[in-house]
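Asks:
There are 2 protein chains.
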Amino acid sequence: MLAHGMSPHSLSSRDGSPTWELLHEALEAGDADAVRVLMQEIPDGEVPRLFAHLSSAESHQTLAMLDPEVAGELMKTLPDAFAADVVEGLEPAEAAAIVTTLPSNTQADILSDFEPEYAEAVLAVMPPEDAADAERLTQYSDRTAGGVMITEYLSYSDQLTVGDVLADLRAHREDYQRHDVQYVYVTGDRAELKGVLRLRDLVLTSPNVPLRQIMVTGTDFLPVDADIDALHDFFSTRPYRGVPVVEADGRLVGVVRHADVAEAFGEREASDHLKALGIVGGEELRTMPVFTRAWRRLSWLSINIVLNLVAASVIAAYQETLTAVIVLAVFLPIISDMSGCSGNQAIAVSMRELSLGLIQPADVFRVWGKELSVGAINAVALGVLIGGAAFLWQGNLMLSVVVGLALMLNTLLSVSLGGIVPLALRGLKLDPALASGPILTTVTDMCGFFLVLSFATAVLPSLGN
Amino acid sequence: MLAHGMSPHSLSSRDGSPTWELLHEALEAGDADAVRVLMQEIPDGEVPRLFAHLSSAESHQTLAMLDPEVAGELMKTLPDAFAADVVEGLEPAEAAAIVTTLPSNTQADILSDFEPEYAEAVLAVMPPEDAADAERLTQYSDRTAGGVMITEYLSYSDQLTVGDVLADLRAHREDYQRHDVQYVYVTGDRAELKGVLRLRDLVLTSPNVPLRQIMVTGTDFLPVDADIDALHDFFSTRPYRGVPVVEADGRLVGVVRHADVAEAFGEREASDHLKALGIVGGEELRTMPVFTRAWRRLSWLSINIVLNLVAASVIAAYQETLTAVIVLAVFLPIISDMSGCSGNQAIAVSMRELSLGLIQPADVFRVWGKELSVGAINAVALGVLIGGAAFLWQGNLMLSVVVGLALMLNTLLSVSLGGIVPLALRGLKLDPALASGPILTTVTDMCGFFLVLSFATAVLPSLGN
Chain W
65 MLAHGMSPHS LSSRDGSPTW ELLHEALEAG DADAVRVLMQ EIPDGEVPRL
115 FAHLSSAESH QTLAMLDPEV AGELMKTLPD AFAADVVEGL EPAEAAAIVT
165 TLPSNTQADI LSDFEPEYAE AVLAVMPPED AADAERLTQY SDRTAGGVMI
215 TEYLSYSDQL TVGDVLADLR AHREDYQRHD VQYVYVTGDR AELKGVLRLR
265 DLVLTSPNVP LRQIMVTGTD FLPVDADIDA LHDFFSTRPY RGVPVVEADG
315 RLVGVVRHAD VAEAFGEREA SDHLKALGIV GGEELRTMPV FTRAWRRLSW
365 LSINIVLNLV AASVIAAYQE TLTAVIVLAV FLPIISDMSG CSGNQAIAVS
415 MRELSLGLIQ PADVFRVWGK ELSVGAINAV ALGVLIGGAA FLWQGNLMLS
465 VVVGLALMLN TLLSVSLGGI VPLALRGLKL DPALASGPIL TTVTDMCGFF
515 LVLSFATAVL PSLGN
Chain R
65 MLAHGMSPHS LSSRDGSPTW ELLHEALEAG DADAVRVLMQ EIPDGEVPRL
115 FAHLSSAESH QTLAMLDPEV AGELMKTLPD AFAADVVEGL EPAEAAAIVT
165 TLPSNTQADI LSDFEPEYAE AVLAVMPPED AADAERLTQY SDRTAGGVMI
215 TEYLSYSDQL TVGDVLADLR AHREDYQRHD VQYVYVTGDR AELKGVLRLR
265 DLVLTSPNVP LRQIMVTGTD FLPVDADIDA LHDFFSTRPY RGVPVVEADG
315 RLVGVVRHAD VAEAFGEREA SDHLKALGIV GGEELRTMPV FTRAWRRLSW
365 LSINIVLNLV AASVIAAYQE TLTAVIVLAV FLPIISDMSG CSGNQAIAVS
415 MRELSLGLIQ PADVFRVWGK ELSVGAINAV ALGVLIGGAA FLWQGNLMLS
465 VVVGLALMLN TLLSVSLGGI VPLALRGLKL DPALASGPIL TTVTDMCGFF
515 LVLSFATAVL PSLGN
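Which chain is which? The protein sequence lines are W and R, in order. So in this note's numbering, the last one in the first sequence is 529, and the numbering has no gaps at all. So in this note's numbering, the last one in the second sequence is 529, and the numbering has no gaps at all.
#1: Considering just the uninterrupted stretch of the alpha helix (DSSP H) at residue 385/R, what are its terminal residues?
#2: How far does the alpha helix (DSSP H) with residue 249/W in it extend, from its first residue to its last?
#3: Tell me the DSSP secondary structure of residue 516/W in three-state form.
#4: Can you give me, in chain order, the residues of the stretch 401-414 of chain R that have a beta carbon less than 9 Å from any beta carbon in chain W?
#5: My parser needs the beta strand (DSSP E) runs of 3 or more residues fully inside the stretch 274-318 of chain R; what are they?
#6: Do the stretch 306-322 of chain R and the stretch 393-410 of chain R touch if we need at least three Cβ pairs shorter than 8 Å?
#7: If the cut-off is 8 Å on Cβ atoms, which residues from the stretch 287-307 of chain R count as contacting chain W, listed in chain order?
#8: Looking at the C-beta of residue 434/R, does it have a partner C-beta in chain W at a distance below 8 Å?
#9: Could you give the DSSP three-state label for residue 218/R: helix, strand or coil?
#10: Using the beta-carbon of each residue, which ones in chain W are nearer than 8 Å to residue 372/R?
#11: Quick check on residue 444/W - is its C-beta less than 8 Å from some C-beta in chain R?
#12: Between the stretch 289-307 of chain W and the stretch 366-376 of chain R, do three or more beta carbon pairs fall short of 8 Å?
#13: Three-state secondary structure (DSSP) at residue 344/W?
#14: If you compare alpha carbons, which of 194/W, 399/W, 481/W, 327/W is closest to residue 143/W?
#15: Measuring only between beta-carbons, confirm whether residue 474/W sits less than 8 Å from chain R.
#16: If you reduce the DSSP assignment to three classes, tell me which class residue 527/W lands in.
#17: For residue 515/R, collect the residues of the same chain with a Cβ closer than 7 Å to its Cβ; drop the 5 residues on either side in sequence, then sort them by chain order.
#18: Can you tell which of 93/W, 118/W, 96/W, 97/W has the C-alpha that lies nearest to the C-alpha of residue 82/W?
#19: Output, in chain order, the set of chain W residues within a Cβ distance shorter than 7 Å of residue 322/R.
#20: Between residue 360/W and residue 343/W, what straight-line distance do the alpha-carbon atoms span, to the nearest angstrom?
#21: Residues in its own chain within less than 6 Å of residue 476/R by CB, not counting five upstream and five downstream?
#22: Note down, in chain order, every chain R residue with its Cβ under 9 Å from the Cβ of residue 176/W.
#23: Which value, in whole angstroms, describes the spacing of the CA atoms of residue 88/W and residue 130/W?
#24: In angstroms, rounded to a whole number, what distance separates the CA positions of residue 74/W and residue 480/W?
#25: Using a Cβ-Cβ cut-off of less than 9 Å, give me the residues of the stretch 141-154 of chain R that come near chain W, in sequence order.
#26: Could you tell me which residues DSSP puts in a beta bridge with residue 261/R?
#27: Is there a Cβ of chain W sitting closer than 8 Å to that of residue 368/R, yes or no?
#28: To be precise: take each residue of the stretch 323-344 of chain R, compare its Cβ to all Cβ atoms of chain W, and keep it if any distance is under 7 Å. Which residues remain?
#29: Ordered along the chain, which non-local residues of its own chain (more than five positions away) have a Cβ less than 6 Å from that of residue 338/R?
#30: Can the beta-carbon of residue 330/W be found closer than 8 Å to that of residue 294/R?
#31: Between residue 356/W and residue 122/W, what straight-line distance do the alpha-carbon atoms span, to the nearest angstrom?
#32: Would you say residue 126/R faces chain W, with C-beta separation under 8 Å as the test?
#33: Quick one: what's got a C-beta closer than 7 Å to residue 99/W's C-beta in the same chain, skipping five residues either side?
#34: How many Å lie between residue 145/R and residue 174/R at the Cα?
#35: Name the DSSP bridge partner or partners of residue 320/W?
#36: Looking only at its chain, what residues have a beta carbon closer than 8 Å to the beta carbon of residue 179/R, apart from the 5 residues adjacent to it on each side?
The following block contains the structure:
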């Protein structure tokens, strides 16, 4: 362990040039020693930004010059998807050497982010045992116990004695130290979990005692398909740092750590956020290829433009009213935008409460009631504001009643939809993060345009200037 | 430890009624035993939803009937702000008993979420040592090492021997077990951190050896004001579960745990998401009072409506053109909405990359370039789509060129702004989550309306039907 001082986020080196410029120079000069020193000296917090500044070729050159252990440490500071981007394209043997230094769950995440053929090539040159572990882990879906767990844990047959275990621990002291092991799991003939032991209990017990005599039985465990919400709930009330994971037949297959669960939970919220703002797939980094990025955004935008055209067709049906009272055209985009704002607030709160386990699809009426109470206050406030602005501008009371009343009613509609739609989509097993926004804006736009223009049509004589 | 099976998220009890209905009945009947049994049997994952269904009075009745330890376990399953809401209003002595069972960082979070007078009342009846710890922790800002750390750690003077420590550990065995202690910290005269010891090393050493002889020195530590990004970076490359935190003068004041850092990091992203969608303060739960919720939403909406009026004033300046070509009114909300969509995608990616440390304000030109390349593809695609739709509908080529070209140019503007504005706000030490959206939509609305209407004005003769 080394003394560690937090340095400010400057990404500039001794002589004032940013590290990537020094690195450019060292790479051009082919000066491997300089590259090694630069990568050794850079603070962890500045590694992601450094790689964001390097071209793919430069990243590969840099990684190839480093010890795989050092390269692995650097990759740990990057988000998994970005680490996969950076590593992909290296000689498979070099990539395998780096990937092997990472914890098994990170290995699996990075391998599934590779193009399939490249992942195969890397797996083929990884140590067979690591490759088998990593491949098995990639089978479990993301954000379940199987997808989050690590396979670095110690398990021993219940036929062994304390002495057997201590001998094994001593023989592999260095290997095990890297993983900060605290518990030892005891398994039966079919590798099924039978009990758990703390290291310190082993140390205090006489060597010829069988494990089965001192192990703690009836331990907490998690099924391999437990979802991220179940994992999050589990750790919220238990002081454990890690918990064993078992297959349906009772076989011990891994250990889930609290910190990994907390991280996966945060990742899901981040991914939902990106989806809600129109990034299909829930992830975009600007280091990804332009066409991938353009495609993920465009697939969302093109659906939205069609929905927008549908909504705007309501306006087309009222061209006569619009021509007669052209100032209404000023208010249409305002009604559309403000209803969207109110509805998105309700969506955001519903998504948050779903994620925290505070609500479920069955709570739709309670949520609706809660939205209507807040919505009523805000509907009146917004209606009065826009009605007042309309009156100040045009001096026509009926006009201000038309736009004020339309926004009031549409605000009530939009908070209702915003609160309810995420629950309904979740109930239908659809992804609320991706679909709630477009459904909301399309319906509230259509309805908002209809309210303004139909009210205006009804009182047309009093609106004419 | 108990065997633990994950139950499905049903929140229904043996006879099919949801737990809260059974609880209503038990509370009405004043049947404390039934309440205790119900709260014992409910799976952790269903506790948040249960409390979301209870009125404040019912929550207080329930908590008062439970053992403080049990009530504390229930509160641990709730988000801190919600736990504070649920507990607030209990008799201060009852609240203090529950709060005291929680880890010190949760105590501090909940106390700062109480109304100040209520927090004082609770602190006054907490055990003096706990109260002092909790009060000290509330001084540190959220999402720093000081705000995230716990004060439950073991530290001993470097004057002591191994035997002294083992005697203390034995004497307080029960207390310490609750906290899953693995390390012991060694401090000097002024409580300054001198070294660290693993429990298992203590057990294997002869009792009369002084701590200073076997402690590991030069340990990693974190300053009390390290921010959440620094904490996140720190743990991303180190296998530690916890790290000591020291004041500027070297005094040991707490321990930061990896899982708490991962959780705080996720919380910040969730809070930014709520802000970005218009929840001022970054948190709203529907269990909060209606006026608090309405106010947080309205303060954002009222700014937006003013900005919307400003943007729409551009339309007002072109009433003549609009009257001449009324179909333009159909396209104005579409241009506004689609530019908002494109820009929000860019904002979402910039916020994500800022949070991951991939970009900083100084990277503004690189980000702009990356946005322009994706933006160019999407601008052409969207321009052609809307131009095509306009042509199909009206059969007027010039009209389709006007709206297509306007949307193209405005898409380029909106992705540029969306990419850059969060960086600029961060550079100015303003909160990009809250302000990016309104700035984007106001500017792109104004510019979009101006482009459509000024192009239309320029070619007005060819647009007339």
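Positions of the beta carbon are idealized from the N, C-alpha and C atoms, including for glycine.
Replies: From the atom records:
#1: 383-388
#2: No alpha helix (DSSP H) holds residue 249/W; the beta strand (DSSP E) holding it covers 247-251.
#3: helix
#4: When CB distances to chain W are screened at a threshold of 9 Å, the residues of the stretch 401-414 of chain R falling below it are 401, 402, 404, 405, 406, 408, 409, 410, 411, 412, 413, 414, in chain order.
#5: The qualifying runs are 306-310.
#6: no
#7: 287, 290, 293, 294, 297, 298, 299, 300, 301, 303, 304, 305
#8: yes
#9: strand
#10: 397, 398, 401, 402
#11: For residue 444/W, the answer is no, since every Cβ of chain R falls outside 8 Å of its Cβ.
#12: no
#13: Coil, per DSSP.
#14: 327/W
#15: no
#16: helix
#17: 470, 473, 474
#18: Residue 118/W is the option with its Cα nearest to residue 82/W.
#19: 323
#20: 6 Å
#21: Excluding five sequence positions before and after residue 476/R, the CB atoms of its chain that fall closer than 6 Å to its own CB belong to 439, 443, given in chain order.
#22: Neighbours of residue 176/W on chain R: none; closest Cβ ~19 Å, over 9 Å.
#23: 15 Å
#24: For residue 74/W, the pLDDT reaches just 39, beneath the cut-off of 50, and the residue's location in the model is therefore unreliable, leaving the point undetermined.
#25: Using a CB distance below 9 Å, the part of the stretch 141-154 of chain R facing chain W consists of 141, 142, 143, 146, ordered along the chain.
#26: 248/R
#27: yes
#28: 323, 326, 327, 329, 330, 333, 334, 337, 338, 341, 342, 343
#29: Result list for residue 338/R: 346, in chain order.
#30: no
#31: 21 Å
#32: no
#33: The answer, listed in chain order, is 87, 90, 91, 126, 129.
#34: 7 Å
#35: 307/W
#36: 152
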